[in-house]
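Residue numbers (the numbering used here), protein chains in the order written: chain A, 27 to 241; chain B, 282 to 589. A virtual CB, placed ideally from N, CA and C, is assigned to each residue, including glycine. Here is the structure we will look at, set down as C-alpha cells.
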C-alpha cells in the first residue's frame, strides 16, 4: 500500500503541487470576477445586467470539458491561445467557476431586505457604496456555505486539466498505469490527497462562519 | 424575463454543441482534406471463419466466454489504422483485426465481438475485474505489468519515433535533435517519460494530452513541433494526412505489443499464443498487416512469441 506512494513520490508531489497552484490562482481570480459579475447582475445599468445574465447562462450551462477544449483547441485555431497550458487551464477554470460564484453572490445580495439599500440610498450613498458598505458585508454571511461548496468543486474540477497538458493530480493514474502500479491503490492515494487538501477549506468555512455570526 | 432566460439557455446549448463538434472533428487529423477522407472511414474487414469445436481446458475466462456466446474485447478507438472507430461506428485497424482473429480462433463469430474502449490508465483494472475478456490496443509487454495481467504475444514490435509536419526537416536526426523542440505525447505515457528521463528536451517544452489525436491537432496548429510515441501509432496518423505529416523513421526504443489477459489464466494464454503462431505461419498475419498498417508503405513480419 505505502510502496505505491513512496516509490512514485515525485509524481504525487509534483502533481498535487500543481493542483494546489491551479486551485489557488483560479480560485482567487474566480472570486474577483464572480463578485464583479454578481454586482453586474444587481446593478441598475441594464447593459451590465444583460452581460451578467448572458455570461452566467452560457458558462454555467457549458460542461467544463468543453470550456477547456475550446480554450485549448478552438482558441489555437483563432490565434487567441493563452501563453501556456497552465494559464489556459487557469483561464478555463476561472471563467467557468466565476459563473457559479456570481450566482452565489447574487443570492446572498437577495437575502438583504430592499429597505436597507433604499435607506442607504436615501442618505446619499452611491450604488457602489451601497453595495460595498451595506449589502455585501451582510450578504457574505449568507454565502459562506455555498461559496465553500463552489470552491471545493473547483478544487476537484482542476482534475479536468489533466486531459489538457496540465500534469496535476488528475494525471497521476495515467503515469502510474504505464509504470505498472496498482490502479486502485493509486486512486486511494489520490483520494487521500484531495481529502487532505479539502480539510483546510472546511476549517476556513467554520472560521468564517464564526467570524460573521450574529452575536 | 422568462423568455430572455430561455433564449440565453438555448444560446448556451447551441454554443456547447458547436464546441462539442469542434472537439470531435479537430483531433482526426486532416479529416477535412480530400486525402484524409478516404482513410477516416473504415472499409472492408478481413474475413475470418470461426473455428469449430474449440475447448480450452482449465480456462475460467474461456468458460465465461463460451456461456456468454460472445467475447468482450478492450480496444482503443482513436488510433487510425490500429484501433479506430469511424464516424459510422465501424471499427478497423491492425489491433481490431488481431482481436477478431483471436475471437475466431476461440470459436466465436468475430462479427459479434462486443468492443469496449478502455483508456490506457484503466487496462489492468478492466482485465483483472473481468470487465473485458482480453485487451488488444498497443499494449506494451513490461515486467511490471506482467505482475497484474498476463500477455500473449508479442504480435507486433514497435519503436518510439517522431511525427513531424511534412516540411519540417529539423528533427530528422531522431531523438538527439529534440533539444528546444516542443514535444507532445499522451499524459504519463512511456514515450513522454523517456523524453523526461533522458532530458531530450526542456521540461517547459513538453505537452501531455489525454489522446494522441489531440497532440496531432496541436501539431497541425503549430502549437507543438513533434508528436512522439510508437511508430505504429504515428504511421497511422501520417497515413490519414500524408500531405501534411510524416514519420521521421528513426525509432529509439522497442515496444512489444501483447494481448492482455487475466493474470491467472495460463490455459487461455497458451491458446491465444497458438492462434498467433498459426496466423504467422499461414499468412494471415501478413494479410491483415497489409490491409491496415502496411498501407503506410513500411513492411513488417510477425515477431517471435515469448512463451513465459
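Which residues of the stretch 494-521 of chain B have a Cβ closer than 8 Å to any Cβ of chain A? Give them in chain order.
495, 498, 499, 502, 504
Considering only the beta carbon of each residue, do residue 63 of chain A and residue 78 of chain A sit closer than 8 Å?
Counting from one through the first chain, the residue named residue 63 of chain A turns up at place 37. Counting from one through the first chain, the residue named residue 78 of chain A turns up at place 52. Yes, the pair counts as a contact, with Cβ atoms nearer than the cut-off.
Please confirm if residue 429 of chain B has its CB atom under 8 Å from at least one CB of chain A.
Against the second chain, residue 429 of chain B aligns to sequence position 148. Chain A, which has a Cβ nearer than 8 Å to the Cβ of residue 429 of chain B, makes this yes.
Beta-carbon gap between residue 535 of chain B and residue 440 of chain B smaller than 8 Å
Locating residue 535 of chain B in the second chain gives position 254, where the first residue counts as 1. Locating residue 440 of chain B in the second chain gives position 159, where the first residue counts as 1. Yes, the pair counts as a contact, with Cβ atoms nearer than the cut-off.
List the residues of chain B that residue 107 of chain A touches, going by C-beta distances under 8 Å, in chain order.
Locating residue 107 of chain A in the first chain gives position 81, counting from the first residue. Simply 504.
Does any CB atom of chain A fall closer than 8 Å to the CB of residue 316 of chain B?
Taking the second chain and counting its residues from 1, the one referred to as residue 316 of chain B is at position 35. The pLDDT assigned to residue 316 of chain B is 39, lower than 50, so where the model puts this residue is not dependable; a value taken from the coordinates is nonetheless given after this. Residue 316 of chain B does not count as touching chain A.
Contacts that residue 360 of chain B makes with chain A (C-beta to C-beta distance below 9 Å)
Taking the second chain and counting its residues from 1, one reaches residue 360 of chain B at position 79. Correct list: empty, because the minimum Cβ distance to chain A is about 16 Å.
Using 8 Å as the Cβ pair cut-off and three pairs as the minimum, do the stretch 500-512 of chain B and the stretch 451-469 of chain B touch?
yes
What three-state label does DSSP hand residue 155 of chain A in the structure shown?
Here residue 155 of chain A corresponds to residue number 129 of the first chain, with the count starting at 1. In the structure shown, residue 155 of chain A sits in a helix (DSSP, three-state: H, G or I).
Could I get the ranges of all uninterrupted beta strand (DSSP E) runs contained in the stretch 372-423 of chain B, with 3 residues as the minimum, in chain order?
395-398
Counting only Cβ pairs nearer than 9 Å, list the residues of chain A close to residue 403 of chain B.
For the purposes of this step, residue 403 of chain B is taken as residue 122 along the second chain, with counting starting at 1. 199, 203, 209, listed in chain order.
Run of the beta strand (DSSP E) containing residue 543 of chain B, from where it starts to where it stops
Looking up residue 543 of chain B in the second chain gives position 262. That run of the beta strand (DSSP E) goes 536-543.
Check the Cβ-Cβ distances between residue 29 of chain A and every residue of chain B, and say whether any is below 8 Å.
Working through the first chain from its first residue, we reach residue 29 of chain A at position 3. Not closer than 8 Å to any Cβ of chain B, the Cβ of residue 29 of chain A fails to qualify, so no.
On a Cα-Cα basis, can you pick out the residue from A:30, A:56, A:158 that is closest to residue 69 of chain A?
As a first step, residue 69 of chain A is located in the first chain; it is residue number 43 there, counting from the start. Cα-wise, what sits closest to residue 69 of chain A is A:158.
Have a look at residue 518 of chain B and residue 53 of chain A and give me their C-alpha separation to the nearest angstrom.
The residue you call residue 518 of chain B lines up with position 237 of the second chain. The residue you call residue 53 of chain A lines up with position 27 of the first chain. Roughly 39 Å between the two C-alpha positions.
Enumerate in chain order the residues of its own chain whose CB-to-CB distance from residue 475 of chain B is below 7 Å, with the five nearest sequence positions on each side excluded.
Start at 1 with the first residue of the second chain, and residue 475 of chain B comes out as number 194. Cβ within range, chain order: 441, 534.
Among the residues of its own chain, which have a CB less than 7 Å from the CB of residue 329 of chain B, if the five just before and after it don't count?
One-based indexing of the second chain puts residue 329 of chain B at position 48. For residue 329 of chain B, where only same-chain residues beyond five positions count, the Cβ hits under 7 Å are 381, 382, 385, 391.
Thinking C-beta only, is residue 553 of chain B closer than 8 Å to residue 433 of chain B?
As a working note, residue 433 of chain B is residue 152 in the second chain. As a working note, residue 553 of chain B is residue 272 in the second chain. Yes, the Cβ-Cβ distance between residue 433 of chain B and residue 553 of chain B is below 8 Å.
Can you tell which of A:36, A:67, A:103 has its C-alpha closest to the C-alpha of residue 128 of chain A?
The residue labelled residue 128 of chain A in the question sits at position 102 within the first chain. Looking at the Cα atoms, A:67 is the closest of the given residues.
Residues bridged to residue 84 of chain A by DSSP?
One-based indexing of the first chain puts residue 84 of chain A at position 58. Its beta-bridge partners do not exist; DSSP assigns none.
Within chain A, partners of residue 425 of chain B - CB distance below 8 Å:
Counting from one through the second chain, the residue named residue 425 of chain B turns up at place 144. The contacting residues are 205, 206, 207.
If you follow the beta strand (DSSP E) that residue 508 of chain B is in, where does it begin and where does it stop?
Counted from its first residue, the second chain places residue 508 of chain B at position 227. Residues 507-511.
Can you give the Cα-Cα distance for residue 91 of chain A and residue 177 of chain A, rounded to whole angstroms?
Along the first chain, one-based indexing puts residue 91 of chain A at 65. Along the first chain, one-based indexing puts residue 177 of chain A at 151. Their backbone Cα atoms lie some 18 Å apart in a straight line.
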